Amino acid sequence: MKKEIQPKDTTRAAAYELWIKAPNPMVTFFKKIDVTNLIKISRKHHLKFNMLLDYCIGKAAVSIKEFYILPVEFKLIQYDAIAVNTIVKNKIGEVNSCDILFSEDINIFNKEYLKYTAEVAESCRDRDLSDNNMIIGTSAIMDTEIDGAVGMNSGIFNNHFMIWGKYKKKFFKYYLSVSFQFHHTQMDGAHAGKFLSNLQNKIYNLKIK
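Just so you know, we're using this note's numbering here: the sequence shown kicks off at -17 and counts up by one.
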């Protein structure tokens, strides 16, 4: 569910005054993360790499309260659940957007990821859960090695957004360059840094039974 909250009643009151009307309130961080464990799990258990990364993104975000607040048309909206968005190549070669509700149970998350991405690919229609959930956007350009990308500042979509390309192998490890974009009203650099650190830790510690 979602509800409007008053900025003055939150820890983001000062940031709201500073950034809500800024012409470019979006900030982008770049980070190289070690995804060796995800590669091993993907191959051993025949799981999609992007599903595993999306799961870790959700798991890294759920403990950070700033992820549940979003500026929308000069209002602050608070959500009580998080979904991770993924871009799906559909049956006619174009792309659609697919939101997957985050679940701590990776088996549930994987089941819904496979089900709904397949449905979106076949129907060529987006799956949108943004009415009641905070959406973390993602975009994977898996055919190209990139060092990072800056998302657009449309003034309409203020959600957190992550972009990555093809992972790179160096000696016996695999690395992925990611970019993380966020609205400065909802979080500061320290919160974004904590999220990226959480993400690396969740990747390191992920285990599949």
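Every residue gets a Cβ at the ideal spot worked out from N, C-alpha and C, and that includes glycine.
Computed from a predicted structure; not experimentally measured.
Check: In its own chain, which residues sit with a C-beta less than 7 angstroms from the C-beta of K125, not counting the 5 before and 5 after it?; Outcome: Going by the sequence as given, residue 125 is Asp instead of Lys. Correct list, in chain order: K148.
Check: Among the candidates N135, F84, D16, whose CA atom is the shortest distance from the CA of F201?; Outcome: With the chain represented from -17 up to 191, any question about residue 201 goes unanswered, as that position is not in the structure.
Check: Bridge partners of W146, per DSSP?; Outcome: A122, V160
Check: What residue range does the alpha helix (DSSP H) around F31 cover?; Outcome: 31 to 43
Check: Apply the 10 Å Cβ neighbour rule to H197 and answer buried if 16 or more other Cβ atoms are within range, or exposed otherwise.; Outcome: Given a span of -17 to 191 for the chain in the structure shown, any question on residue 197 remains unanswerable.
Check: Run through DSSP, which three-state label would P53 get?; Outcome: strand
Check: Quick check on S105: buried or exposed, where buried means 16 or more other Cβ atoms within 10 Å of its Cβ?; Outcome: exposed
Check: Over what stretch of residues does the alpha helix (DSSP H) that includes A172 continue unbroken?; Outcome: 171 to 187
Check: Give every residue of the same chain whose Cβ lies closer than 6 angstroms to the Cβ of S159, excluding the five residues on either side of it in the sequence, and list them in chain order.; Outcome: K14, D129, G130
Check: Quick one: any contact between the region 32 to 42 and the region 74 to 89, if contact means 3 or more CB pairs under 8 angstroms?; Outcome: yes
Check: What are the start and end residues of the alpha helix (DSSP H) that includes E101?; Outcome: 88 to 105
Check: Within its chain, find whatever has a CB closer than 8 angstroms to the CB of A4; leave out the 5 residues flanking it on each side and keep chain order.; Outcome: H166
Check: Which one or two residues does DSSP pair with K13 in a beta bridge?; Outcome: V160
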